[in-house]
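Each remark here refers to the structure printed beneath this line.
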Amino acid sequence: MDRSAMYRSMGMTPPPRSMTAPNRRPKYVKLAPGDDGEFLPDAFFEEYVPISVNDRSPHFFFPTGTDGSYTRMGTIPGRQIGQIVITHTLFASLSAVNNCDTSRWDSSSHASDDNKSPESQFMKVILDRKASQYSTSLSVENVGFIFQNSENNWNRWISRDSINVIFCAAYTFHRNGEHRVWRLFKVSSGITLSAFQDKAIAPIMGWVRNFHSYTFTDFRDGALFGPEVGYKYLPDSKYKLAHIFGKEGDQIGYLYDYGDKWYHRIEILKIFPPEESSGAIEVIDGKGMCPGENLRGNLNYARLLDEYDDASYSKKAEKKREILSTPNYDSFGKPPSLFDPAVFDLGAAKERVAEALSSTSSVRAGSKKFHMPFAHDGERMIERMEQRHLKKGQSILNQRDEENYGFWNETISNKRDGRKEAVCSYCGKPAAPEVELKACAGCQQVL
Numbered sequence: 378m379d380r381s382a383m384y385r386s387m388g389m390t391p392p393p394r395s396m397t398a399p400n401r402r403p404k405y406v407k408l409a410p411g412d413d414g415e416f417l418p419d420a421f422f423e424e425y426v427p428i429s430v431n432d433r434s435p436h437f438f439f440p441t442g443t444d445g446s447y448t449r450m451g452t453i454p455g456r457q458i459g460q461i462v463i464t465h466t467l468f469a470s471l472s473a474v475n476n477c478d479t480s481r482w483d484s485s486s487h488a489s490d491d492n493k494s495p496e497s498q499f500m501k502v503i504l505d506r507k508a509s510q511y512s513t514s515l516s517v518e519n520v521g522f523i524f525q526n527s528e529n530n531w532n533r534w535i536s537r538d539s540i541n542v543i544f545c546a547a548y549t550f551h552r553n554g555e556h557r558v559w560r561l562f563k564v565s566s567g568i569t570l571s572a573f574q575d576k577a578i579a580p581i582m583g584w585v586r587n588f589h590s591y592t593f594t595d596f597r598d599g600a601l602f603g604p605e606v607g608y609k610y611l612p613d614s615k616y617k618l619a620h621i622f623g624k625e626g627d628q629i630g631y632l633y634d635y636g637d638k639w640y641h642r643i644e645i646l647k648i649f650p651p652e653e654s655s656g657a658i659e660v661i662d663g664k665g666m667c668p669g670e671n672l673r674g675n676l677n678y679a680r681l682l683d684e685y686d687d688a689s690y691s692k693k694a695e696k697k698r699e700i701l702s703t704p705n706y707d708s709f710g711k712p713p714s715l716f717d718p719a720v721f722d723l724g725a726a727k728e729r730v731a732e733a734l735s736s737t738s739s740v741r742a743g744s745k746k747f748h749m750p751f752a753h754d755g756e757r758m759i760e761r762m763e764q765r766h767l768k769k770g771q772s773i774l775n776q777r778d779e780e781n782y783g784f785w786n787e788t789i790s791n792k793r794d795g796r797k798e799a800v801c802s803y804c805g806k807p808a809a810p811e812v813e814l815k816a817c818a819g820c821q822q823v824l
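Counting in this note's numbering, the sequence shown runs from 378 upward without gaps.
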């Protein structure tokens with residue numbers, strides 16, 4: 378197969394052929410019979426023992442970033458549209474390098490490592506290396522090698538210090554350059570990333586819990602953390618917030634909804650010492666109502682708000698109704714005239730957090746879905762199908778939506794959260810792994 382001719386036939390410039398491919402086989406990946414590794418990046422051919430500071434084998438590979446931030450762990454950057462960098466594949470932890478023909482490799486979830494694409498094999502080594510950092514040592518020196526002398530203080534993870542966090546919806550700027558949507562809150566750095574998303578970010582921001590997928594990005598090396606449902610990430614249920622920042626001023630990426638792609642930036646404003654830390658989730662301030670679910674991402678919402686600013690009274694009412702018709706405003710419960718997209722309702726945010734804390738953790742494998750059955754007994758048929766996947770202690774919760782002629786359903790847990798992920802149902806302080814959660818050490822409430 379002449380891959381250069383294939384690229385030219387599609388009006389594309391063939392990527393440069395690896396100069397090492399004719400002489401050496403790739404390290405840490407296995408190619409299909411007859412494949413010489415053409416178009417694979419040089420990183421695939423590096424030796425395990427570093428011969429220079431630029432050694433880029435998977436055991437020593439470090440991605441190329443901008444301004445000290447790494448938005449992906451791959452070797453080939455994405456294309457840029459305005460202020461947003463779009464990766465060639467959203468799930469960069471699986472196939473971040475795409476300048477090669479993968480048609481001859483079986484990349485299905487059931488394929489063995491020998492038959493998976495070289496990109497998948499390469500990224501598996503990097504992800505295994507990343508995971509081994511936390512399991513083999515908590516020393517600053519070992520972690521600093523990967524994070525290029527990061528000032529990571531692992532005592533913060535052990536003691537679960539509180540931190541002040543500013544949480545912004547990226548690329549939603551006012552014409553004066555200010556963020557239109559942001560939240561300021563306090564949280565324990567010892568909270569797991571899964572609980573952080575489910576019990577803090579979603580309710581504080583105003584997103585629907587357990588509705589869309591998400592990932593956290595460690596900007597120090599581009600590592601992705603997310604739920605273990607469908608895609609290969611570092612599991613967010615096994616890592617804590619303290620794992621993905623090192624000092625005050627560090628930023629973390631948060632992507633919500635793979636369809637609309639709502640990009641957020643999380644900045645660590647202040648780290649409190651243990652003696653000043655309660656570990657509680659505390660909403661402090663904010664600006665702007667949460668964008669409506671399914672409004673097609675940051676840039677589209679920014680345009681909507683710009684149009685809202687210039688609109689007539691009737692047009693503003695129309696745009697209000699558009700936002701209020703989205704799933705996260707089903708319970709707004711007020712006339713549209715009282716909705717102002719520029720106002721943050723602190724009281725409502727605190728109520729959402731309290732509701733989230735008092736409930737069990739979301740079941741990621743049974744996320745919230747809307748169904749519009751056509752058959753007479755369609756709802757019962759769907760429920761029977763969903764029940765086949767239930768685990769012990771789980772059930773299906775259905776909620777009718779007469780206005781839209783359908784119903785929502787979601788898998789919920791009827792048992793207590795596991796100790797490693799549990800937080801106080803009153804204040805949000807995370808549990809210590811060795812402590813049975815009967816009373817919170819922070820607020821003293823009996824659970």
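Think of the CB as a built atom: it goes at the ideal place given N, C-alpha and C, for glycine as much as any other residue.
In the DSSP assignment, N675 falls within the unbroken alpha helix (DSSP H) covering G674 to D687. Here Q498 is buried. Its C-beta has 16 or more other C-beta atoms within 10 Å.
CA-CA distance, S614 to E798, rounds to 7 Å.
Nearest to K768 by alpha-carbon distance, out of N781, G414, T788 and F602, is T788. Distance from the Cα of G783 is smallest, within the candidate group A808, E760 and H748, for H748. Residue environment analysis places T390 among the exposed positions, since fewer than 16 neighbouring C-beta atoms fall within 10 angstroms of its C-beta. Per DSSP, R777 is one residue of the beta strand (DSSP E) stretching across Q771 to D778. Apart from sequence neighbours up to five positions away, the residues of its chain that approach E763 with a beta-carbon distance below 8 Å are G743, I773, N786 and T788, ordered along the chain. CA-to-CA, the gap between K407 and D627 works out to about 37 Å. Secondary structure of R552 (DSSP, three-state): coil. One thing to note: F544 has its Cβ within 8 Å of the Cβ of I578. Here F573 carries a helix assignment [DSSP, helix/strand/coil]. Apart from sequence neighbours up to five positions away, the residues of its chain that approach K727 with a beta-carbon distance below 8 Å are V660, ordered along the chain. Fully contained in the stretch 557 to 604 are the following beta strand (DSSP E) runs of length 3 or more, in chain order: 559 to 565, 591 to 595 and 600 to 603.
When only Cα atoms are considered, F602 and D707 end up about 30 Å apart.
Between I581 and R560, the beta carbon gap of about 5 Å places them in contact (Cβ cut-off 8 Å).
Scanning the stretch 705 to 783 for uninterrupted beta strand (DSSP E) segments of 3 residues or longer gives 746 to 748 and 771 to 778, listed from N- to C-terminal end.
In summary, R680 is exposed, with fewer than 16 beta-carbon neighbours lying within 10 Å of its beta-carbon over all protein chains present.
By the Cβ test, the stretch 708 to 722 is in contact with the stretch 666 to 680, since at least three Cβ pairs between them sit closer than 8 Å.
Excluding sequence positions up to five before and after R673, its CB lies within less than 7 Å of the CB of D637, all in the same chain and listed in chain order.
The C-beta separation of T737 from S790 comes to about 4 Å, placing the pair in contact by the 8 Å criterion. In this structure, the beta-carbon distance from E670 to W584 falls below 8 Å.
DSSP, read as helix, strand or coil, puts P651 in helix. Counting along the chain, Y690 sits inside the alpha helix (DSSP H) bounded by residues Y690 to L701.
With 16 or more other Cβ atoms inside 10 Å of its own Cβ, F596 counts as buried.
DSSP lists Q771 as the bridge partner or partners of S790. DSSP, reduced to helix, strand and coil, places P807 within a strand of the structure shown. The DSSP-derived three-state label of I621 is helix. K806 sits buried, since 16 or more C-beta atoms from the chains shown fall within 10 Å of its C-beta.
For Q776, the closest of H766, R765, G770 and E760 by C-alpha to C-alpha distance is E760. Rounded to the nearest whole angstrom, the CA to CA distance from S381 to Y608 is 31 Å.
Cα atoms of P604 and G630: separation of roughly 15 Å, rounded to the nearest angstrom.
Using a Cβ distance threshold of 8 Å, S509 and I540 do not count as a contacting pair. For A752, the number of other beta carbons within 10 angstroms of its own is below 16, and it is reported as exposed.
Annotated three-state conformation of P495 is helix, per DSSP.
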